[in-house]
Amino acid sequence: MTVEKKKRAISRLKSMYPLRALVDGMYKKAVEASKNGEPVAWCMVNWWAGDTVLQAMGVHTVHPEDYGAVCAAFGAAQPYLDRSDSEGFPSHMCGYARNCLGYAALMQDLGEIPPEAPMAGMPKPTLLLGSGYFCDTRYKWFQALGRYLDAPMWVLEMPHPGVPESRIEGNREHNIRFLVEELRELIGFLEKQLDRKMDYVRLGEIVDDTIEMNRVWHEVNELRKARPCPMHSRDFWSSMPASLYMASDPRVTAGLYRDMYDEVKSRVDNHTGAVPEEKYRVAFAELPPWHSLGFFNQLAERGWNFVIESWAYHPPKPVDLSGLSDPLERIAGLTYQYFSGYFEDAFQAGDGWGYFAHPYLEMVREYRCDGILLHPLLTCRTATNHLTVVQNQLMEQLKVPSLVVEGDIVDLNLFNPAEALRKAETFEETMQHYRAVRKEAGFDW
Amino acid sequence: MATGLNRVAEIYADRAARVTELKAGGKRIIGYLDIFPVVEMLTALDLVPYRLLGDLNEPITRADAYLPTVVCPFLRSVMDLGLKGKYDFLDGVVFAHGCEVSEKMAHIWRTYLHPPYAHFIDTPHTTHQAARKQHRELLKDFQKTLEEMTGQELTAEKLREAVNIHNRQRVLVRELYDLRKPDPPLISGAETVRVMVAVASLPVTEGNELLEQVIGEIKGRKDGPAPKPARLIVWGSIIDNTALVDLVESLGANVVMDDTTVGSRDYFPLVEITDDPRDGLADRYLVALRSPRTFRETVPDGNRRKDYMADLESRFGYLKDYAREWQVNGVILQVLRYCDIHGYEVPALKDYLESIGLPGIYLEHDYSKVALAQLRTRVQAFLEIIG
Ligand code: SF4
Ligand code: SF4
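Respectively, the protein sequence lines represent chains C and F.
Everything in the first sequence is counted per the numbering used here, starting at 63 for the first residue and increasing by one.
Everything in the second sequence is counted per the numbering used here, starting at 51 for the first residue and increasing by one.
See below:
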C-alpha cells in the first residue's frame, strides 16, 4: 500500500514501545485471569472513575472501545462489523460497538474466543461496566450485549460539568457528592457480585499513583509546545491507552511516562523534532483512522507535525487533592477536574459552548498551530457533533483554518487516504495564507 | 374561534400562532426540547412551556454549519428552524440530557442563538439512589435560574398547583388514547399526532380545554376511521408530524397506539404528589418515564447472571400491555437515522416481540418525505403478512 511506503518520516519515541506493550499485554493477562477463574470486566470507563475501583477489587479489565481500535489496526474488524449488521444493528452506529457486538455474537456461537481475534482476544466477561458519560453508546452498547452475554451490567454515572450551569452556587458540590455516591453504589454492586470486600487502603494507593501517573503524562504533553515539536500525535495515540484504560498498575505506568518525559525533554533540549523538517504545526480532532495511520507518515514527509490532539484523551490538568482523605473523594476530585479543568477560560469568557469545543481554542493557541485536521466520523456522534463549531470558532477567533477529512475509526471503507492527501496538499496554501492573516491581525504565530 | 379538531388543524398548521398572541399580551414563552425538562416548574411561574419541534417540510439549509449531517435529522431540523429565526419569539429555552446530541445541541444553541434565558438539566442516565438524589439537586439549580429570571419565588404551593394541571393533561391524553381501543378506533393515528402536536404548542390549561373538546367531539362523531385488518403500535424515535402515520394508514392499517415522545411515552406517567413537590417531579422524570435513554439494572441482588428474557420483560413489558389493551397485531419499529438511543434497542425489541408472538418491522428514515416514500413497499409487504 502506498501510504505505508516510508515509515521513517516520523521519528518515533523509544519510550512509547513499553507503554504500548502494557496495553497489548492487558488482553493476554485478562485471558489468563479468566482461565484461572478470576473476574474480568469489560469496561467503558477508565481511571477517571471506575477502573481504580476495579483494580482495587482485583478485577481484570479490558476495554472493548480500545479493542475496536486494535481490530481496526490489525485489519480484523470487517467480519465483526458484518456480523453486527446481520444481527440487525443499524450500521450507522459506533464502529467500536459494531465490532464488539459482532465479536460477542461470534464468541457465543463458538463458545470460546474467536481463534482469529487479535491480541489474544477478549475473554468472556464476569461483569460489564458501562458509563453514562460522553455518549449514549457507552451504556446502550453494553445493554445490547445482553443478547450474547449473561454478565450483569452496571452503569457508572457521571455529571457533565464545564457548562454555564456548573457555576450555579452549590452545583460543583452536589456534582462531586454525586460522583462519590455513585462510586459507593458501584462498590456495593461489586462486593455483592464478587463476594469480596473493597480494600480501601489499596484503593487509596492506586488513586494516589493514578494522580501521579496523570501528572507526569500531562508534563510530557506540555513539552510538545516546543518548536519543533518533539513528539508526534502517533506517539501520543500509542501511549495514551496506558493511562486512559489503566492498562497496568498506575505506579508502573507512571514510571514509563517518566522515561518518556526524559526522552522528550532531551529532544527539546537538542531541538529535535518528531518530523525531519517541521513546516506546519497541526492539531488533530478527534479519533484517528486507526486502519490508515500510515497517512500521517505521508503528511510528515511534507513537513506536517501533529503537535496536539483532543483534550478528551489527555489527562486532567494537575490539581492538588492531597487534602482529601477519602480515596473516593480524590477520584471524584480528579474526575471533576478532568471534566471541567479544560474549560476554565471558557467560564471566564462566559462562553456557553465551553464544554467540549472551547478547549480547542486554548490548544491551538498554546501549541501555536497553523491548522487543525478534523476527522468527522460517520459512526461516532461524540467525536463529530461539535466539530463544525470548532471549525467556526477557530476561524472566527484565531484565524486558524480547518481541514475536514471524513472517515471512520473502524470501517476502512469510509476513509479515502488518496483523496485525503490531495485535500491536504491544497490545505498547505490555506495554512500559509492564514499565517499572514494572523500576523496582520496581531497574533504572534 | 374554531374548537375541537378544527382548532387542532389550525394549530397544527401554524404551531406558533397562539403563543405569539400570548406573547403580545405579555406572557413569556419558554421553549423546551424533548421530554426531560421539568415543565411544571415553568407553568408554576406563569411561563408558557412550548415544545421545540422540527419541520419536515422545511429543507435543512442552515444547520449544516453548526451540526454535522451525521447526527439526528430531527435535531438538525430544530436547529435549522432556530437559525432561521422561527423560534425568535421565545423568551428562553430549557434543555435536558435526553440524548447525547440533544445535550450538545443545547450548548450550540445558546452559543449561536443567544436566547435571553437558557438552562440545561444534566438528567442522569440511571435510577440509582445517587442519580435520583442528583436529579433533585439539579431541579433546585433549575429553580434558582428560573427565580432569578422571573424575579419570583417558586413556592411549593405554586408548584403543586402546576403539577395538578399537568397531571390533568396526562389523564386527558389517556382518555383520548382510550378512544383508540375500539375497532375501528374512534380517532385515527394521524389525527392523534395532530392533537398531540397542538397540545404541545399551547399553555397547559388551554391544552386541557382543547383535549376536552376533542374527546367530546370524537365520542359523538360518525365519521371516524374505517375498520382495517392491521392495528399497529408505532414505537421509536420522535414523531412530530403525520407523514409516517399517514403513509401507514393509507396502506390499510390503523395506527392505534404509540410509544413515542409526542405521545404516550411522555404523557402516560403521572407525577406523584409529594411533600416537597420537587421530589415527585424528580422521580417522575427520571424513574417513571419509560425511555430507552434511562438504564435500569435488571439483575436482582445476589444473582451472578443476567437473564436476557427477564431483562427484555423489564424493558419492554409495557408494550405487551399496550398490545393487549389496544388489540394490536403488529409493531412498527421506526428509528431516525443516527438515533443511537433507539438504534441499539432494535434487535432486543425484535427478540421481545417474537417472544410474545407480535410481528414487527424495522424502518429507518431520515426525517424526510422522500425517505418515507421509499418505505412504502416494505410497509405494504408487512401489512400483507399480518393482515
Ligand atoms: S465515544 Fe464514539 S467511539 Fe467511543 S463508544 Fe462512544 S460512539 Fe463509540
Ligand atoms: S430522535 Fe433520537 S437522536 Fe434524535 S433527539 Fe430523539 S433520542 Fe435524540
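Positions of the beta carbon are idealized from the N, C-alpha and C atoms, including for glycine.
Fair warning: this is a prediction, and the values are worked out from it, not measured in the lab.
Put residue i into one of helix, strand or coil per three-state DSSP.
| i | result |
| --- | --- |
| residue 299 (chain F) | helix |
| residue 347 (chain C) | strand |
| residue 345 (chain F) | strand |
| residue 176 (chain F) | strand |
| residue 54 (chain F) | helix |
| residue 216 (chain C) | strand |
| residue 179 (chain C) | coil |
| residue 127 (chain C) | helix |
| residue 497 (chain C) | helix |
| residue 72 (chain C) | coil |
| residue 289 (chain C) | coil |
| residue 66 (chain C) | Legend: pLDDT at residue 66 (chain C) = 47, less than 50; position of this residue unreliable, no value from coordinates given. |
| residue 239 (chain F) | helix |
| residue 383 (chain C) | coil |
| residue 323 (chain F) | coil |
| residue 503 (chain C) | coil |
Taking the DSSP output, what are the residues bridged to residue i?
| i | result |
| --- | --- |
| residue 82 (chain F) | F:101, F:144 |
| residue 260 (chain C) | Its beta-bridge partners do not exist; DSSP assigns none. |
| residue 159 (chain F) | Paired residue(s): none; residue 159 (chain F) is not in a bridge. |
| residue 384 (chain F) | F:286, F:413 |
| residue 370 (chain C) | C:345 |
| residue 305 (chain F) | F:282 |
| residue 170 (chain F) | F:145 |
| residue 469 (chain C) | C:439 |
| residue 122 (chain C) | C:102 |
Considering just the uninterrupted stretch of the alpha helix (DSSP H) at residue i, what are its terminal residues?
| i | result |
| --- | --- |
| residue 205 (chain F) | Here residue 205 (chain F) belongs to no alpha helix (DSSP H), and DSSP marks it neither H nor E. |
| residue 133 (chain F) | 123-133 |
| residue 314 (chain C) | 312-331 |
| residue 404 (chain F) | 396-405 |
| residue 107 (chain F) | Where residue 107 (chain F) is concerned, there is no enclosing alpha helix (DSSP H), given that its DSSP letter is neither H nor E. |
| residue 203 (chain C) | 199-206 |
| residue 257 (chain F) | 254-270 |
| residue 157 (chain C) | 157-172 |
| residue 329 (chain F) | 327-333 |
| residue 302 (chain C) | 295-306 |
| residue 230 (chain C) | No alpha helix (DSSP H) contains residue 230 (chain C), which DSSP labels as neither H nor E. |
Quick one: measure Cβ to Cβ for residue i and residue j, integer angstroms, because I've assumed they're closer than 8 Å.
| i | j | result |
| --- | --- | --- |
| residue 426 (chain C) | residue 476 (chain C) | At roughly 26 Å, the Cβ-Cβ gap does not stay under 8 Å, so residue 426 (chain C) and residue 476 (chain C) are not in contact. |
| residue 421 (chain C) | residue 373 (chain C) | 4 Å |
| residue 153 (chain F) | residue 222 (chain C) | 7 Å |
| residue 170 (chain F) | residue 139 (chain F) | Wrong, their Cβ atoms sit about 21 Å apart, outside the cutoff. |
| residue 205 (chain C) | residue 345 (chain F) | 6 Å |
| residue 401 (chain C) | residue 192 (chain C) | That belief does not hold up - the Cβ atoms of residue 401 (chain C) and residue 192 (chain C) are roughly 17 Å apart, past 8 Å. |
| residue 281 (chain C) | residue 323 (chain C) | 6 Å |
| residue 437 (chain C) | residue 467 (chain C) | 6 Å |
| residue 367 (chain C) | residue 336 (chain C) | 6 Å |
| residue 254 (chain F) | residue 93 (chain F) | 5 Å |
Taking the alpha-carbon of residue i as reference, which of the options has the nearest alpha-carbon?
| i | options | result |
| --- | --- | --- |
| residue 173 (chain F) | F:188, F:226, F:265 | F:188 |
| residue 126 (chain F) | F:83, F:99, F:77 | F:83 |
| residue 385 (chain F) | F:266, F:367, F:431, F:421 | F:421 |
| residue 264 (chain F) | F:87, F:233, F:224 | F:224 |
| residue 249 (chain F) | F:313, F:130, F:210 | F:313 |
| residue 381 (chain F) | F:222, F:416, F:401, F:55 | F:401 |
| residue 340 (chain F) | F:360, F:353, F:367 | F:367 |
| residue 454 (chain C) | F:66, F:419, F:116 | F:116 |
| residue 348 (chain C) | C:391, C:389, C:329, C:295 | C:295 |
| residue 63 (chain F) | F:374, F:247, F:371 | F:247 |
| residue 131 (chain C) | C:255, C:354, C:502, C:279 | C:354 |
| residue 114 (chain C) | C:172, C:267, C:84, C:231 | C:267 |
For the beta strand (DSSP E) that contains residue i, what are its first and last residues?
| i | result |
| --- | --- |
| residue 102 (chain C) | 102-105 |
| residue 392 (chain F) | Taken as a continuous stretch (DSSP letters only), residue 392 (chain F) belongs to no beta strand (DSSP E), being part of the alpha helix (DSSP H) at 390-393. |
| residue 401 (chain C) | Taken as a continuous stretch (DSSP letters only), residue 401 (chain C) belongs to no beta strand (DSSP E), being part of the alpha helix (DSSP H) at 389-402. |
| residue 466 (chain C) | 464-466 |
| residue 111 (chain C) | That residue, residue 111 (chain C), is in no beta strand (DSSP E); it is neither H nor E in DSSP. |
| residue 251 (chain F) | Note, residue 251 (chain F): premise wrong, no beta strand (DSSP E); not H, not E. |
| residue 434 (chain C) | 433-436 |
| residue 355 (chain C) | From DSSP, residue 355 (chain C) is part of no beta strand (DSSP E); its letter is neither H nor E. |
| residue 193 (chain C) | 189-193 |
Taking Cβ positions only, does residue i come closer than 8 Å to chain D?
| i | result |
| --- | --- |
| residue 359 (chain C) | In the structure shown, chain D cannot be found, because the protein chains are C and F. |
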